[in-house]
Amino acid sequence: MQTARDRVLAELVRQLQDNVEGLEDLQIADLALDKTFKDLGASSLDMVEVVSSMMSRLGVAVNRTAFARLKNLGELVDLFAAELQKST
Amino acid sequence: MREEAGLSPVASKDLPASFRDPQCFLWALELRGELRRSFYSSAVEGRIIVDVDCLRLCQGPPGHLHGGLIASLHDEAMALATRHGGRLAVTGWLKVEYEAPTPFPASYRIESWVAESNSLSVLTKSRMTDSAGLVMNSASARFVWVP
Chain A
4 MQTARDRVLA ELVRQLQDNV EGLEDLQIAD LALDKTFKDL GASSLDMVEV VSSMMSRLGV
64 AVNRTAFARL KNLGELVDLF AAELQKST
Chain B
87 MREEAGLSPV ASKDLPASFR DPQCFLWALE LRGELRRSFY SSAVEGRIIV DVDCLRLCQG
147 PPGHLHGGLI ASLHDEAMAL ATRHGGRLAV TGWLKVEYEA PTPFPASYRI ESWVAESNSL
207 SVLTKSRMTD SAGLVMNSAS ARFVWVP
């Protein structure tokens, strides 16, 4: 059974593929969760697009200030997974 | 300003200050009488209607409205739609689809609205129609909230 974290991870990869140049072929297995958006070559606008699209697609709202505290993609996935679990 | 059911005029003094800055080229065109805009808020929540008369100095291809000016008109209309909640947002990206030739000089109507909003950004849509209601071009944009 797919967990909330699996759903978030799949959506993150999908949005990175769709919105960040050079990541069109990115696979879940290739995504290092200790990396940041910047490490992946994403601009701040790419980040807004990816995160906004994730909120829309997953149907969760995540507080802006919570984003500012995130250190890497793994923490982003954890944050979304926690919100997703709260909403279900 | 035209009177129309369901539309409330937005007075110039209530527009964002950046719209009325003498260095803003759209406002400069208005001050020179080349372009005229009337802003309204619609009874449909959050919708902005802008009636535009492009009179002079707005041409791109001969006999047609300038594509860059069309983008600018959509940008300001959508920016105003984001102000519904009183927050400030700036354009992140803007996409315009030029669906039909837009004659010039002529009068047009732009309708803009918020399609989706979250803690980081707001997605807006906009369309420009002619006096018969034909959609000539449409736009979408992502505005990023200014903290």
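Which chain is which? The protein sequence lines are A and B, in order.
Every position in the first sequence, counted from 1, becomes a number in this note's numbering once 3 is added.
Every position in the second sequence, counted from 1, becomes a number in this note's numbering once 86 is added.
Beta carbons: idealized from backbone N, C-alpha and C, even for Gly.
The structure displayed is predicted, hence computed values, not measured ones.
Proximity below 7 Å, CB of residue i to CB of residue j
i                     : j                     : result
residue 213 (chain B) : residue 202 (chain B) : no
residue 73 (chain A)  : residue 79 (chain A)  : yes
residue 192 (chain B) : residue 229 (chain B) : no
residue 61 (chain A)  : residue 69 (chain A)  : no
residue 188 (chain B) : residue 155 (chain B) : no
residue 49 (chain A)  : residue 75 (chain A)  : no
residue 182 (chain B) : residue 225 (chain B) : yes
residue 132 (chain B) : residue 200 (chain B) : yes
residue 137 (chain B) : residue 124 (chain B) : yes
residue 227 (chain B) : residue 210 (chain B) : yes
Backbone secondary structure at residue i - three-state DSSP
i                     : result
residue 224 (chain B) : strand
residue 33 (chain A)  : helix
residue 67 (chain A)  : helix
residue 93 (chain B)  : strand
residue 40 (chain A)  : coil
residue 11 (chain A)  : helix
residue 18 (chain A)  : helix
residue 201 (chain B) : strand
Residue environment, residue i, which counts as buried when at least 16 other CB atoms sit within 10 Å
i                     : result
residue 3 (chain A)   : Coverage of chain A is limited to positions 4 through 91, which leaves residue 3 (chain A) absent and any answer about it impossible.
residue 207 (chain B) : buried
residue 4 (chain A)   : exposed
residue 223 (chain B) : buried
residue 47 (chain A)  : exposed
residue 111 (chain B) : exposed
residue 56 (chain A)  : buried
residue 135 (chain B) : buried
Range covered by the beta strand (DSSP E) that runs through residue i
i                     : result
residue 214 (chain B) : 207-215
residue 180 (chain B) : 175-184
Opening and closing residue of the alpha helix (DSSP H) in which residue i lies
i                     : result
residue 92 (chain A)  : Because chain A is modelled from 4 through 91, residue 92 (chain A) falls outside the range shown and cannot be assessed.
residue 63 (chain B)  : Absent from the structure is residue 63 (chain B), since the part of chain B shown begins at 87 and ends at 233.
residue 125 (chain B) : No alpha helix (DSSP H) holds residue 125 (chain B); the beta strand (DSSP E) holding it covers 121-128.
residue 55 (chain A)  : 47-61
residue 153 (chain B) : 153-168
residue 111 (chain B) : 111-117
Residues in the stretch 46-60 of chain A with C-beta within 7 Å of chain B's C-beta atoms, listed in sequence order? 48, 51, 52, 54, 55, 58 and 59
Please name the residues in the stretch 170-191 of chain B whose beta-carbon is closer than 9 Å to at least one beta-carbon of chain A, in chain order.
-> 178 and 179
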